[in-house]
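Participant: In our numbering, the protein residues as written are -17 to 422. Mind having a look at this structure? Questions to follow.
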């Protein structure tokens, strides 16, 4: 077997594979002899079928299979040994005069080659790295929510503006008959709020659902319907008031602090606010870093210029999908995937040039940290190391989980690299202003 490469240009090449009878004859003959031993053909005893008959029936298909295996194994080996960085897979070239009855065969394959380019991490233009801070307003609001959440309900006789009303919502035509709690703080409809204030247990108030509450999911909850049905719902419901409660805020005392953070972890209102600020800003880090990763990615895509073997890639898309595509469909698919392909190449170059790698021990520790944070959400704050080790081992036995966690860990490593090398401009913002700037 002889394999040679013809360079068409920097991004395209043709590999020629020449196969002679000596390359496949012994293997094909061995397979046909095995077929002869197993063949059941009327008129012949098992194992006594003439080899010529076996060759006539099965020779061509065995030859084709073996030649294709030879090509696949040796072509992949050639690409590896020659260190050819190919995009997609080699595409066989159409040969009009090809004849499987010949003893020697010549095949040609098109290659799309990855471009050569550099990615300087020190960007010319500074990229904004948002540092999201929890301001006094946010911390005070969180303290208020905690006091409300852990406060106690006090029954009242008459509806006030901050009360919680328990009652039944009804609309026969819409098949609504649901007992729910209406928090007046979340009622945004001024007409509805006015009609509720001053009412007493036993009163029934007709409310228009359009613009009644801040969010559709809140309306869905009190009416007992799906969020989809609650969206843009405009009907009238009768609300029969059964209880009127005022939530008395919890005192900011040691009992509450211990309930929130464990014994003596927080000992004063000042420490509580410091802890809330610290915890909030830790949660914001993830959003800030994801924004940084997205912005650096976009910068590199826009500012790293290189050509791709677009003609080859379009043909590859056209021929290798689940079903053959028309030229127009393949062009559309290539346009959709080009940006993603460019970043895959850029990211691969950054990882290679900066020796960024993931070791198994690092991945296991990352998995354990992820598991620990998941357990904390369900109140398991101090899991045993042995338990974490066992769960991580089970998780990492699933290849899909390994892939997902590896991608997350690689993103973390790239963010760390960008923080160190990229030209960044740190900007402190409140979460409210971050949302306005980033999401409009």
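Heads up, the beta-carbon is just placed ideally off N, CA and C, and yes, glycines get one too. Because the structure is a prediction, the values reported are computed rather than measured.
Any idea which residues DSSP pairs residue 191 with across the strands?
Facilitator: Bridge partners of residue 191: none, in fact.
Participant: Output the distance between the C-alpha atoms of residue 99 and residue 67, rounded to the nearest integer angstrom.
Facilitator: Cα to Cα, residue 99 sits roughly 13 Å from residue 67.
Participant: From residue 264 to residue 242, what does the alpha carbon distance come to, in whole angstroms?
Facilitator: Roughly 17 Å separates the two Cα atoms.
Participant: Grab the span of the beta strand (DSSP E) containing residue 71 for me, first residue to last.
Facilitator: Note, residue 71: beta strand (DSSP E), 68 to 74.
Participant: Rounded to the nearest angstrom, how far is the Cβ of residue 171 from that of residue 194, given a contact under 8 Å?
Facilitator: So it is a contact: roughly 5 Å between Cβ atoms.
Participant: Just tell me which of 356, 346, 188 has its CA closest to the CA of residue 385.
Facilitator: For residue 385, the nearest C-alpha among the options comes from 346.
Participant: Less than 8 Å between the CB atoms is what I'm expecting for residue 266 and residue 94, so what's the real figure, rounded?
Facilitator: Residue 266 to residue 94, Cβ: 43 Å. No contact.
Participant: Where does residue 48 land, buried or exposed, given buried means 16+ other C-beta within 10 angstroms?
Facilitator: It is buried - the Cβ of residue 48 has at least 16 other Cβ atoms within 10 Å.
Participant: Leaving out the 5 sequence neighbours to the left and right, which residues in its chain are closer than 6 Å to residue 377 when beta-carbon positions are compared?
Facilitator: Excluding residues within five positions, the ones whose Cβ falls inside 6 Å are 349, 383.
Participant: Do the CB positions of residue 110 and residue 409 come within less than 8 Å of each other?
Facilitator: A contact, by the Cβ cut-off of 8 Å.
Participant: Which ranges would you report for the beta strand (DSSP E) in the segment 167 to 239 if only whole runs of at least 3 residues count?
Facilitator: Counting whole runs of 3 or more residues, the segment 167 to 239 contains the beta strand (DSSP E) stretches 186 to 190, 218 to 230.
Participant: Spatial neighbours of residue 22 within its chain, please: C-beta separation below 8 Å, excluding the five flanking residues on both sides.
Facilitator: For residue 22, where only same-chain residues beyond five positions count, the Cβ hits under 8 Å are 28.
Participant: Can you find at least 3 beta carbon pairs, one from the segment 222 to 232 and one from the segment 125 to 136, that sit closer than 8 Å?
Facilitator: Counting Cβ pairs under 8 Å, three or more are found: they touch.
Participant: DSSP three-state call for residue 60: helix, strand or coil?
Facilitator: Three-state result, residue 60: helix.
Participant: Can you give me the C-alpha to C-alpha distance between residue 83 and residue 335, rounded to a whole angstrom?
Facilitator: Taking the straight line joining both Cα atoms gives about 50 Å.
Participant: Checking contacts by CB at 8 Å: is residue 124 closer than that to chain B?
Facilitator: Chain labels in this structure do not include chain B; a single protein chain is all it has.
Participant: Under the rule that 16 or more other beta-carbon atoms within 10 Å means buried, what is residue 0, buried or exposed?
Facilitator: With fewer than 16 Cβ atoms within 10 Å of its Cβ, residue 0 is classed as exposed.
Participant: Please state whether DSSP places residue 147 in a helix, a strand or coil.
Facilitator: Strand, per DSSP.
Participant: Using 8 Å as the Cβ pair cut-off and three pairs as the minimum, do the segment 289 to 309 and the segment 58 to 78 touch?
Facilitator: The segment 289 to 309 vs the segment 58 to 78: in contact.
Participant: From residue 192 to residue 124, what distance separates their C-alpha atoms?
Facilitator: Distance between the alpha carbons of residue 192 and residue 124 is about 29 Å.
Participant: Tell me whether residue 132 sits in a helix, a strand or coil according to DSSP, three-state version.
Facilitator: In the structure shown, residue 132 sits in coil (DSSP, three-state: anything other than H, G, I, E or B).
Participant: With DSSP run on the structure shown, which of helix, strand or coil describes residue 100?
Facilitator: Three-state result, residue 100: coil.
Participant: Please look up how many angstroms separate the CB atoms of residue 316 and residue 299, rounded, as I've assumed it's under 8 Å.
Facilitator: So it is a contact: roughly 6 Å between Cβ atoms.
Participant: Any contact of the segment 305 to 322 with the segment 351 to 362, i.e. 3+ C-beta pairs under 8 Å?
Facilitator: Touching, no, given that fewer than three Cβ pairs across the two stretches are closer than 8 Å.
Participant: Alpha carbon to alpha carbon, how far is residue 52 from residue -14?
Facilitator: Computed Cα separation, rounded: 15 Å.
Participant: Under 8 Å by Cβ, that's how I've got residue 189 and residue 157 pegged, so tell me the actual separation to the nearest angstrom.
Facilitator: Going by Cβ atoms, the distance from residue 189 to residue 157 rounds to 17 Å, so no, they are not a contact pair.
Participant: Buried or exposed: which applies to residue 18, given that a residue is buried once 16 or more other Cβ atoms fall within 10 Å of its Cβ?
Facilitator: Result: buried.
Participant: For residue 116, does the count of other Cβ atoms within 10 angstroms reach 16, so buried, or fall short, so exposed?
Facilitator: Label assigned to residue 116: buried.
Participant: So what's residue 382 in DSSP terms, helix, strand or just coil?
Facilitator: DSSP places residue 382 in helix when its eight states are reduced to three.
Participant: Please report the residue range of the beta strand (DSSP E) in which residue -13 lies.
Facilitator: Start and end: -16 to -9.
Participant: Measure the alpha-carbon distance for residue 61 versus residue -4 and round it to whole angstroms.
Facilitator: For residue 61 and residue -4, the distance between alpha carbons rounds to 12 Å.
Participant: According to DSSP, residue 1 sits in a beta bridge with which residue or residues?
Facilitator: Residue 1 pairs with 87.
Participant: Have a look at the DSSP bridge pairing and note the partners of residue 159.
Facilitator: Paired residue(s): 152.
Participant: List in chain order: all unbroken alpha helix (DSSP H) runs of 4+ residues lying wholly within the segment 250 to 312.
Facilitator: Runs found: 251 to 285, 292 to 302.
Participant: Pick helix, strand or coil for residue 23, following the three-state DSSP scheme.
Facilitator: Correct three-state label for residue 23: coil.
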